[in-house]
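Here the sequence shown is numbered in the working numbering, starting from 56 and rising by one per residue. The beta-carbon is built from N, C-alpha and C at its ideal position, and this holds for glycine as well.
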Amino acid sequence: MLIRSVWLLLLLAVAFSAPAQQTTRVAFGCCIDHTKRQEVWDAINHAQPEVFVFLGDTIDENAGDMDDLLDAYEVFNRYRGPRVLRRNSAVMSVWNRNDYSLDGKSGKDNPNRYAVRNHFLTFWREPATSERLFQSHGIAKSVIFGNEPQRVQVIVLDGRWNRDPLSQVGWVERQTRRFNADLGPYQSNNTGDLLGDEQWQWLAEQLQKPAEVRIIMSSTPVIAPANGYDSWALYLREQKRLKELLTELKPSGVLLASGDRLFGEFAKSDEFLSYPLWQVTPGSINFDGETPYSSSYRDGEAYAESRYGQIEVIWKEQPELELTLRDVDGRPLDTRKLNLSQLQPD
Numbered sequence: 056m057l058i059r060s061v062w063l064l065l066l067l068a069v070a071f072s073a074p075a076q077q078t079t080r081v082a083f084g085c086c087i088d089h090t091k092r093q094e095v096w097d098a099i100n101h102a103q104p105e106v107f108v109f110l111g112d113t114i115d116e117n118a119g120d121m122d123d124l125l126d127a128y129e130v131f132n133r134y135r136g137p138r139v140l141r142r143n144s145a146v147m148s149v150w151n152r153n154d155y156s157l158d159g160k161s162g163k164d165n166p167n168r169y170a171v172r173n174h175f176l177t178f179w180r181e182p183a184t185s186e187r188l189f190q191s192h193g194i195a196k197s198v199i200f201g202n203e204p205q206r207v208q209v210i211v212l213d214g215r216w217n218r219d220p221l222s223q224v225g226w227v228e229r230q231t232r233r234f235n236a237d238l239g240p241y242q243s244n245n246t247g248d249l250l251g252d253e254q255w256q257w258l259a260e261q262l263q264k265p266a267e268v269r270i271i272m273s274s275t276p277v278i279a280p281a282n283g284y285d286s287w288a289l290y291l292r293e294q295k296r297l298k299e300l301l302t303e304l305k306p307s308g309v310l311l312a313s314g315d316r317l318f319g320e321f322a323k324s325d326e327f328l329s330y331p332l333w334q335v336t337p338g339s340i341n342f343d344g345e346t347p348y349s350s351s352y353r354d355g356e357a358y359a360e361s362r363y364g365q366i367e368v369i370w371k372e373q374p375e376l377e378l379t380l381r382d383v384d385g386r387p388l389d390t391r392k393l394n395l396s397q398l399q400p401d
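See below:
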């Protein structure tokens, strides 16, 4: 009897001393037609992500003035799904063209950008003490979730506040490109700004904070071909500057998430770090998918039916990351599994 009691105590001691497997789930989506049904929220809310990031274009409005923008947000706010999400998950948000621009002014040329910022941050319930309300470089935000050694840093970049414009190709060329999914309407602006000097300095500071996993989020893809669709590839100087910053700081555990595409995909590049840099693009919350363009960076297929993306960190003795693209019912369309040890600098 005594021996049995001793063994029971030993087993209980082992059980309570062994760390329980934990996860950190970060989900993200973009590109919403605010006038149509948004069925995917049931699946997202059921998944209960610790963090959800809206990666821009949360309304589909070609706003001429602030009244147009406010009307669109009023319609979007009628949907229950996002309200439930905000109650159960930490929500972060950034804008893109459709929820930032007024009268076609979609970058630093927007004369009403302070008014747009005030309403955007009020709508998304940014705390009154938040630095985002007063930053001179826009609404970039960084939050570290969890404690050492299970920290996930989510860095949301603002690619609109200081953006220089993209010019479209000529009218005749645009008509030709309409029938070629591999070519978009824009010309490169290889000397233009996306982030601006102050945001670059801010980003460098964020990347030096201690964290095991870092997810850098951009409303437009960082890793993409320079094919006429809006991306960092059309801002060659900015893309090069990011490569130089990452080369200098050598941060560990970096992943990318991006919006602005009506299809989901995984992309991968060896040009930024000494380890492969992965990017997850989630597709659209409720738009019909578009024909994917060709890309040498794509890993696997592109999915027009993808509705949101998810990065899950599984905190085992050797932590793992699971990247997924998911459909309207939350079912995984494609998955990539990585060991965190693979995302370490030389």
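Just so you know, the alpha carbons of Ala183 and Asp237 end up roughly 44 Å apart. In the DSSP assignment, Phe318 falls outside any beta strand (DSSP E) and carries neither an H nor an E.
Taken in chain order, the unbroken stretches of alpha helix (DSSP H) that lie wholly in the region 287-355 and span 4 residues or more are 291-304. Beta-bridge partners of Tyr128 (DSSP): none assigned.
In the assembly as shown, Ala259 is an exposed residue. Its beta-carbon has fewer than 16 other beta-carbons within 10 Å. Taking the Cα positions, Arg172 is about 14 Å away from Thr113. Take the alpha-carbon of Glu94 and the one of Val383: they are about 7 Å apart. Annotated as distal: Asp315 and Pro374, with beta-carbon spacing of 8 Å or more. Straight-line measurement puts the Cα of Phe321 at about 6 Å from the Cα of Thr336.
Fully contained in the region 223-255 are the following alpha helix (DSSP H) runs of length 4 or more, in chain order: 226-232. Beta-bridge partners of Ser148 (DSSP): Phe109.
The shortest CA-to-CA distance from Leu395 to any of Trp333, Arg353 and Asp343 is the one to Trp333. The beta carbon of Leu398 sits closer than 7 Å to those of Ser307, Gly308, Val309 and Tyr330, all from its chain and outside the five residues before and after it, given in chain order.
Across the set Glu326, Leu212 and Thr246, the C-alpha of Thr246 shows the shortest separation from the C-alpha of Leu221. Here the region 292-308 makes no contact with the region 130-137; the two share fewer than three CB pairs at distances below 8 Å. Judged by their CB atoms, Ile199 and Gln205 are not nearer to each other than the 8 Å cut-off. Linking Phe178 to Tyr284 through their CA atoms gives a straight-line distance of about 29 Å. Where Phe175 is concerned, the enclosing alpha helix (DSSP H) starts and stops at Arg168 to Phe178. Rounded to whole angstroms, the Cβ separation of Gly193 and Gln261 is 14 Å, and the two are not in contact under 8 Å. Secondary structure at Glu372: coil, using DSSP grouped into helix, strand and coil.
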